[in-house]
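For the protein sequence lines, the chains are A and B, in the order given. Once you know that position 334 of the first sequence is 450 in my numbering, the rest is easy, because the numbers rise by one and skip nothing. Once you know that position 278 of the second sequence is 394 in my numbering, the rest is easy, because the numbers rise by one and skip nothing.
Protein chains: 2
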Amino acid sequence: MRKDMKAEKTAITPTRHEDYPEWYQQVVKVSDLAENSPVRGCMVIKPWGYALWENIRNVLDDMFRETGVKNAYFPLFIPKRFLEKEAEHVEGFAKECAVVTHHRLEEGEDGSLVPAGPLEEPLVVRPTSETIIGESFSRWVTSYRDLPLLINQWCNVVRWEMRTRIFLRTTEFLWQEGHTAHAGREEAMERTRQMLDIYARLAQDYLAIPVVSGEKTAAERFPGAVNTYCVEAMMQDRKALQAGTSHFLGQNFARASEIKYQSAREKEEYAWTTSWGVSTRLIGAIIMAHGDDNGLVLPPMIASSHVVLMPIVKKAKDRNLVMDYTHALALELRELRYHQRKISVEIDDRETGAKGWDWIKKGIPLRVEIGPRDIAQDSVFVGRRDRGLRDKESIRRDEFVKTIVPVLDDIQKNLFDRALRFRNENTVNIDSKDDFYAFFTPENPATPEIHGGFALAHWCGDQGCEERIKEDLSVTIRCIPFSDNTEPGTCIVCGANSSIPVVFAKAY
Amino acid sequence: MRKDMKAEKTAITPTRHEDYPEWYQQVVKVSDLAENSPVRGCMVIKPWGYALWENIRNVLDDMFRETGVKNAYFPLFIPKRFLEKEAEHVEGFAKECAVVTHHRLEEGEDGSLVPAGPLEEPLVVRPTSETIIGESFSRWVTSYRDLPLLINQWCNVVRWEMRTRIFLRTTEFLWQEGHTAHAGREEAMERTRQMLDIYARLAQDYLAIPVVSGEKTAAERFPGAVNTYCVEAMMQDRKALQAGTSHFLGQNFARASEIKYQSAREKEEYAWTTSWGVSTRLIGAIIMAHGDDNGLVLPPMIASSHVVLMPIVKKAKDRNLVMDYTHALALELRELRYHQRKISVEIDDRETGAKGWDWIKKGIPLRVEIGPRDIAQDSVFVGRRDRGLRDKESIRRDEFVKTIVPVLDDIQKNLFDRALRFRNENTVNIDSKDDFYAFFTPENPATPEIHGGFALAHWCGDQGCEERIKEDLSVTIRCIPFSDNTEPGTCIVCGANSSIPVVFAKAY
Numbered sequence: 117m118r119k120d121m122k123a124e125k126t127a128i129t130p131t132r133h134e135d136y137p138e139w140y141q142q143v144v145k146v147s148d149l150a151e152n153s154p155v156r157g158c159m160v161i162k163p164w165g166y167a168l169w170e171n172i173r174n175v176l177d178d179m180f181r182e183t184g185v186k187n188a189y190f191p192l193f194i195p196k197r198f199l200e201k202e203a204e205h206v207e208g209f210a211k212e213c214a215v216v217t218h219h220r221l222e223e224g225e226d227g228s229l230v231p232a233g234p235l236e237e238p239l240v241v242r243p244t245s246e247t248i249i250g251e252s253f254s255r256w257v258t259s260y261r262d263l264p265l266l267i268n269q270w271c272n273v274v275r276w277e278m279r280t281r282i283f284l285r286t287t288e289f290l291w292q293e294g295h296t297a298h299a300g301r302e303e304a305m306e307r308t309r310q311m312l313d314i315y316a317r318l319a320q321d322y323l324a325i326p327v328v329s330g331e332k333t334a335a336e337r338f339p340g341a342v343n344t345y346c347v348e349a350m351m352q353d354r355k356a357l358q359a360g361t362s363h364f365l366g367q368n369f370a371r372a373s374e375i376k377y378q379s380a381r382e383k384e385e386y387a388w389t390t391s392w393g394v395s396t397r398l399i400g401a402i403i404m405a406h407g408d409d410n411g412l413v414l415p416p417m418i419a420s421s422h423v424v425l426m427p428i429v430k431k432a433k434d435r436n437l438v439m440d441y442t443h444a445l446a447l448e449l450r451e452l453r454y455h456q457r458k459i460s461v462e463i464d465d466r467e468t469g470a471k472g473w474d475w476i477k478k479g480i481p482l483r484v485e486i487g488p489r490d491i492a493q494d495s496v497f498v499g500r501r502d503r504g505l506r507d508k509e510s511i512r513r514d515e516f517v518k519t520i521v522p523v524l525d526d527i528q529k530n531l532f533d534r535a536l537r538f539r540n541e542n543t544v545n546i547d548s549k550d551d552f553y554a555f556f557t558p559e560n561p562a563t564p565e566i567h568g569g570f571a572l573a574h575w576c577g578d579q580g581c582e583e584r585i586k587e588d589l590s591v592t593i594r595c596i597p598f599s600d601n602t603e604p605g606t607c608i609v610c611g612a613n614s615s616i617p618v619v620f621a622k623a624y
Numbered sequence: 117m118r119k120d121m122k123a124e125k126t127a128i129t130p131t132r133h134e135d136y137p138e139w140y141q142q143v144v145k146v147s148d149l150a151e152n153s154p155v156r157g158c159m160v161i162k163p164w165g166y167a168l169w170e171n172i173r174n175v176l177d178d179m180f181r182e183t184g185v186k187n188a189y190f191p192l193f194i195p196k197r198f199l200e201k202e203a204e205h206v207e208g209f210a211k212e213c214a215v216v217t218h219h220r221l222e223e224g225e226d227g228s229l230v231p232a233g234p235l236e237e238p239l240v241v242r243p244t245s246e247t248i249i250g251e252s253f254s255r256w257v258t259s260y261r262d263l264p265l266l267i268n269q270w271c272n273v274v275r276w277e278m279r280t281r282i283f284l285r286t287t288e289f290l291w292q293e294g295h296t297a298h299a300g301r302e303e304a305m306e307r308t309r310q311m312l313d314i315y316a317r318l319a320q321d322y323l324a325i326p327v328v329s330g331e332k333t334a335a336e337r338f339p340g341a342v343n344t345y346c347v348e349a350m351m352q353d354r355k356a357l358q359a360g361t362s363h364f365l366g367q368n369f370a371r372a373s374e375i376k377y378q379s380a381r382e383k384e385e386y387a388w389t390t391s392w393g394v395s396t397r398l399i400g401a402i403i404m405a406h407g408d409d410n411g412l413v414l415p416p417m418i419a420s421s422h423v424v425l426m427p428i429v430k431k432a433k434d435r436n437l438v439m440d441y442t443h444a445l446a447l448e449l450r451e452l453r454y455h456q457r458k459i460s461v462e463i464d465d466r467e468t469g470a471k472g473w474d475w476i477k478k479g480i481p482l483r484v485e486i487g488p489r490d491i492a493q494d495s496v497f498v499g500r501r502d503r504g505l506r507d508k509e510s511i512r513r514d515e516f517v518k519t520i521v522p523v524l525d526d527i528q529k530n531l532f533d534r535a536l537r538f539r540n541e542n543t544v545n546i547d548s549k550d551d552f553y554a555f556f557t558p559e560n561p562a563t564p565e566i567h568g569g570f571a572l573a574h575w576c577g578d579q580g581c582e583e584r585i586k587e588d589l590s591v592t593i594r595c596i597p598f599s600d601n602t603e604p605g606t607c608i609v610c611g612a613n614s615s616i617p618v619v620f621a622k623a624y
């Protein structure tokens with residue numbers, strides 16, 4: 117057992133159980149993912165966090181491309197009149213948008229700089245780009261031959277949120293937004309569902325987070341959409357987190373932006389459009405799905421880095437030997453591929469005793485200690501982040517190199533299985549109103565955050581019943597899950613007949 | 117000779133010689149790179165243009181990473197007080213910045229939406245991020261052990277330009293901005309020069325554009341910098357285009373943002389910082405360095421795509437044969453790598469006669485026609501974009517696959533050689549003021565854009581002489597080139613002694 121592992125205490129104070137929201141903030145901090153900036157509600161994404169986002173981007177980009185989607189870039193600013201074109205849309209976003217009103221700063225009467233050069237029309241910093249991209253689409257589409265149009269953009273967006281929480285709800289965030297136009301309802305609907313499936317694959321196969329796919333109720337729909345579909349994940353406080361949405365926009369935005377095409381039968385028709393997106397919020401999901409009381413736990417498929425090599429040098433005379441061995445091993449590992457990318461290796465040669473702890477907190481899948489005794493046996497001392505901190509073993513170097521890919525796969529699988537088990541343990545079928553209210557009422561007032569889970573219960577479809585639950589319990593319908601089986605039951609609120617159970621939960 | 121190649125006319129009207137600025141706009145349009153948006157001065161980068169930017173990003177990212185730089189992301193908005201911290205800096209950018217003053221839209225008295233929720237402090241949309249990144253650096257750096265700090269971000273920036281031109285000068289543009297902090301002047305200066313060298317490599321080895329590296333005069337410096345270094349390229353109208361800058365910021369921004377570290381000798385010192393960037397303006401450079409009167413010409417190393425396969429089907433019965441052959445070839449080509457990336461293959465199966473012209477205009481390096489007669493001989497009909505449009509040849513399919521990499525390399529080399537030859541032909545040493553003024557005065561008033569070039573002439577170092585030339589001829593000092601040789605001479609304006617010739621040119 118190495119010295120830095122002797123401590124019994126956990127790295128994060130408070131623990132998840134003690135104070136889940138504060139535990140989350142502490143993990144973000146000690147893992148060096150990101151920090152709040154002095155700009156209200158905006159975050160600074162640090163290299164360890166940004167690498168996660170780059171890996172997510174690369175994975176999605178490949179999946180999008182395989183379905184024919186191409187990347188492009190549209191303006192940051194949306195003229196006010198564009199936003200106003202779709203009534204529900206502007207209603208949804210006008211309350212929380214950054215407005216540019218001037219185009220320079222000038223010295224004012226008191227000598228300080230004041231906004232000058234007022235704009236004739238205010239510009240809104242994009243909260244989402246349906247309206248500005250619609251304007252381009254209206255010029256790009258004239259005939260059915262121009263369709264489908266399959267475009268995606270990676271960019272920043274701004275929504276002026278009153279209560280912000282790093283990664284989960286920030287004024288500025290990074291995302292991708294896909295926008296497509298089609299000659300026909302069915303094709304657009306198929307695309308909407310196809311992109312949702314990609315988000316489910318991203319969550320399950322890469323982020324190691326099981327998700328429920330389904331449709332949002334009218335109350336939870338994207339402003340201006342006909343249908344909104346989503347993938348919902350369970351965090352360790354048993355709350356739901358929406359991990360991606362895909363919207364079928366019908367002809368609403370095509371009408372607003374005049375996206376028209378001449379059909380094969382020479383009739384002029386409005387196009388059918390879709391939009392779909394995921395954001396840096398996914399990083400919040402990774403933290404809350406896998407993190408533990410010692411910090412972040414990263415799934416190997418999107419980990420910022422796969423393995424850290426920590427040379428242990430206690431006597432100056434060993435230094436060259438240990439460093440050479442370390443660098444040679446790094447070189448060998450970097451030649452290997454782990455699925456779509458190369459194995460990413462960190463070398464931590466700082467002269468400090470707490471190296472191991474730092475990397476545990478950062479959630480790197482594999483930690484490798486290399487000291488003179490290990491080298492004498494041509495072996496390395498390996499710890500896996502998905503196992504106990506003391507559960508480390510000496511492995512022959514050649515064996516370690518040979519098995520690193522299957523070991524990473526095993527970690528990936530363990531994280532998914534653990535998250536799935538947790539979700540299953542905290543998902544219940546509920547038929548009675550009393551049980552439902554009890555399920556969502558904290559057992560222990562000292563830890564109000566830890567209660568509930570996913571309740572599969574019947575809902576009659578009435579918005580009044582949905583609102584009642586929301587008002588009483590702050591619980592919402594996360595989705596109406598896709599399912600071939602209908603199952604008769606009665607609404608948890610009013611007792612009316614219902615054919616499909618829905619997923620209720622508290623949510624981020 | 118195929119039908120679509122019979123035309124004698126050029127694809128672009130006007131030609132470069134007839135009206136260079138208008139030729140540029142037309143190339144941007146017909147090559148489908150980008151378009152102006154209805155948002156003043158902002159552009160829409162279409163997939164063919166965005167792919168160029170992604171390729172540039174990937175190349176630079178690898179080069180940056182090799183030198184230890186890591187990517188991160190900082191807020192879009194800069195509080196006004198941050199910008200004001202460095203006097204020259206705010207002076208340089210206050211005149212052209214988008215100012216956010218409100219955080220929602222509300223229904224006004226006339227029923228239209230008006231800005232509401234005034235901010236206590238206006239926010240500026242970042243024109244560059246020295247001040248906001250400096251704020252983070254000031255918290256991240258405490259000891260010399262935290263240095264160097266090597267950070268880069270890929271993002272959008274906004275500068276409210278009065279006269280805009282797509283890619284070259286737009287209100288919003290995409291760029292990368294690197295920011296580093298060091299414990300010592302020399303190390304910071306080395307980093308400044310190292311990054312400039314990377315930009316020179318990007319330009320020469322990837323964009324196939326020869327550049328002159330050197331230092332800017334005080335008048336052309338980045339606002340707040342101690343030294344600004346640049347790489348300068350010659351466009352086909354013989355004007356200069358700045359293709360990257362790297363700034364040595366001394367301790368100016370460290371003082372403004374309080375970036376301080378404890379030295380090894382336990383003394384508190386201000387860090388030394390640098391910043392460096394290239395932008396989507398490089399796409400303008402590619403167009404103007406290589407484009408011809410038939411459109412865009414893309415260097416293979418960063419081309420949006422390498423080769424287009426055009427199945428030629430005139431009889432329905434041939435369709436399956438031709439399509440199968442085409443797809444099999446695409447599959448084979450896509451397995452190959454061209455330097456850092458896979459060979460990128462387009463298949464154009466539209467039933468139109470003008471396919472060849474479309475791809476010529478888009479500048480793809482290789483065009484391959486595949487018809488039943490070609491297939492009968494197991495050969496393909498290949499055109500290279502760096503050669504005459506009619507200069508196409510039949511090549512055995514296996515030979516084509518085997519040689520595609522060296523052929524792409526040959527195209528890359530040809531483009532560079534051609535651009536270098538052009539620059540050399542239009543670079544002159546000038547010793548007399550009369551010759552200098554004649555060199556920069558249009559020979560033919562009908563084509564005022566086509567004259568001049570790079571003039572290597574002596575300058576005494578006086579800002580008055582520099583201004584005189586700028587006022588009289590709209591010619592500026594592009595850079596003081598790096599050179600070990602000093603060469604005595606006299607200032608082109610005042611006749612005073614000078615030891616180093618500088619590069620004068622008109623510029624974008």
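Built from N, CA and C at the ideal position, the CB exists for glycine as well. Since the structure is predicted, the reported quantities are computational estimates derived from the model, not experimental observations.
Restricting to Cα atoms, I'd like to know which of 497/A, 407/A and 404/A is closest to residue 425/A.
Working through the first sequence from its first residue, we reach residue 425/A at position 309. When each option's Cα is compared against that of residue 425/A, the closest is 497/A.
So, is residue 506/A buried or exposed, given that buried needs 16 or more other C-beta atoms within 10 angstroms?
Reading the first sequence from its first residue, position 390 is the one you call residue 506/A. Taking every protein chain shown into account, the CB of residue 506/A has fewer than 16 other CB atoms within 10 angstroms, so this residue is exposed.
Please determine, among 173/B, 368/B and 579/B, the residue with the shortest C-alpha to C-alpha distance to residue 66/B.
Only positions 117 to 624 of chain B appear in this structure, which leaves residue 66/B out of reach.
Give the straight-line distance between the Cα atoms of residue 169/A and residue 399/A, rounded to the nearest whole angstrom.
Position 53 of the first sequence, counted from the start, is the residue given in the question as residue 169/A. Position 283 of the first sequence, counted from the start, is the residue given in the question as residue 399/A. Between residue 169/A and residue 399/A, the alpha-carbon positions lie close to 7 Å from each other.
At the level of alpha carbons, what is the spacing between residue 205/A and residue 280/A?
Counting from one through the first sequence, the residue named residue 205/A turns up at place 89. Counting from one through the first sequence, the residue named residue 280/A turns up at place 164. Distance between the alpha carbons of residue 205/A and residue 280/A: 22 Å.
Do you know offhand how far residue 145/A's Cα is from residue 495/A's?
Here residue 145/A refers to the residue found at position 29 of the first sequence. Here residue 495/A refers to the residue found at position 379 of the first sequence. Their Cα atoms are separated by approximately 34 Å.
Taking buried to mean at least 16 other C-beta atoms within 10 Å of its own C-beta, is residue 187/B buried or exposed?
As a working note, residue 187/B is residue 71 in the second sequence. With 16 or more other Cβ atoms within 10 Å, it is buried.
DSSP three-state assignment for residue 228/A, whether helix, strand or coil:
Here the question's residue 228/A lines up with position 112 in the first sequence. Correct three-state label for residue 228/A: coil.
By the three-class DSSP mapping on this structure, what secondary structure does residue 152/A have?
For the purposes of this step, residue 152/A is taken as residue 36 along the first sequence, with counting starting at 1. The answer is strand: DSSP assigns residue 152/A an E or B state.
DSSP three-state call for residue 290/B: helix, strand or coil?
The residue given as residue 290/B occupies position 174 in the second sequence. Three-state DSSP puts residue 290/B in a strand.
How should residue 579/A be labelled, buried or exposed, when 16 other C-beta atoms within 10 angstroms of its C-beta is the threshold for buried?
Stepping through the first sequence from its first residue, residue 579/A is reached at position 463. Classification for residue 579/A: exposed.
Only counting the same chain, and skipping five residues up and downstream in sequence, which positions put a Cβ closer than 7 Å to that of residue 135/A?
Numbered from its first residue, the first sequence carries residue 135/A at position 19. No residues qualify anywhere along the chain.
Going along chain B, which residues have a C-beta under 7 Å from residue 218/A?
By one-based count along the first sequence, residue 218/A stands at place 102. Within 7 Å Cβ-Cβ: 215 and 217.
Proximity to residue 583/B [Cα-Cα], best of 358/B, 299/B, 334/B and 325/B:
Here residue 583/B corresponds to residue number 467 of the second sequence, with the count starting at 1. For the residues 358/B, 299/B, 334/B and 325/B, the minimum Cα distance to residue 583/B belongs to 334/B.
Backbone CA spacing between residue 325/A and residue 361/A [nearest angstrom]
Working through the first sequence from its first residue, we reach residue 325/A at position 209. Working through the first sequence from its first residue, we reach residue 361/A at position 245. Their backbone Cα atoms lie some 16 Å apart in a straight line.
Given that a residue counts as buried once 16 or more other Cβ atoms are within 10 Å of its Cβ, and exposed if not, what is residue 275/B?
Counting from one through the second sequence, the residue named residue 275/B turns up at place 159. Answer is buried; the Cβ neighbour count reaches 16.
Could you tell me whether the Cβ of residue 274/B comes closer than 8 Å to any Cβ of chain A?
By 1-based counting over the second sequence, the position of residue 274/B is 158. It does; some Cβ of chain A falls within 8 Å.
Under 8 Å, do residue 395/B and residue 289/B count as touching if we go by C-beta distance?
As a position in the second sequence, residue 395/B is number 279, starting the count at 1. As a position in the second sequence, residue 289/B is number 173, starting the count at 1. Yes, Cβ-Cβ distance for residue 395/B and residue 289/B is below 8 Å.
Checking contacts by CB at 8 Å: is residue 251/B closer than that to chain A?
Residue numbering aside, residue 251/B sits at position 135 when the second sequence is read from its first letter. It does; some Cβ of chain A falls within 8 Å.
Any Cβ of chain B within less than 8 Å of the Cβ of residue 123/A?
Position 7 of the first sequence, counted from the start, is the residue given in the question as residue 123/A. A caution first: residue 123/A carries a pLDDT of 47, below 50, which makes its placement in the model unreliable, though a value can still be read off. With 8 Å as the cut-off, residue 123/A does not count as an interface residue toward chain B.
Output yes if chain B places a C-beta closer than 8 Å to the C-beta of residue 243/A; else output no.
By 1-based counting over the first sequence, the position of residue 243/A is 127. Not an interface residue.
With a 10 Å radius around its C-beta and 16 neighbouring C-beta atoms as the bar for buried, classify residue 269/A as buried or exposed.
Position 153 of the first sequence holds residue 269/A. The residue is buried, with at least 16 neighbouring Cβ atoms inside 10 Å.
CB-CB under 6 Å to residue 618/A, same chain, minus the five flanking residues each way: which ones, in chain order?
One-based indexing of the first sequence puts residue 618/A at position 502. 575, 593 and 596, listed in sequence order.
Beta-carbon proximity list for residue 354/B, same chain, < 6 Å, skipping 5 on both sides:
The residue labelled residue 354/B in the question sits at position 238 within the second sequence. Contacts found: 542, 568 and 569.
Give me the residue from 429/B, 451/B and 452/B with the minimum Cα distance to residue 441/B.
As a first step, residue 441/B is located in the second sequence; it is residue number 325 there, counting from the start. Checking every option, the nearest Cα to that of residue 441/B belongs to 429/B.
Put residue 497/B into one of helix, strand or coil per three-state DSSP.
In the second sequence, the residue the question calls residue 497/B occupies position 381. Three-state DSSP puts residue 497/B in a strand.
Using 8 Å as the threshold, is the stretch 300-313 of chain B in touch with the stretch 157-174 of chain B, meaning 3 or more CB pairs across them?
no
Would you please verify whether the beta carbon of residue 265/B is less than 8 Å from any beta carbon of chain A?
In the second sequence, the residue the question calls residue 265/B occupies position 149. No, residue 265/B does not count as interfacial toward chain A.
Any chance the stretch 214-228 of chain B sits against the stretch 214-222 of chain A, with 3 or more Cβ pairs inside 8 Å?
yes
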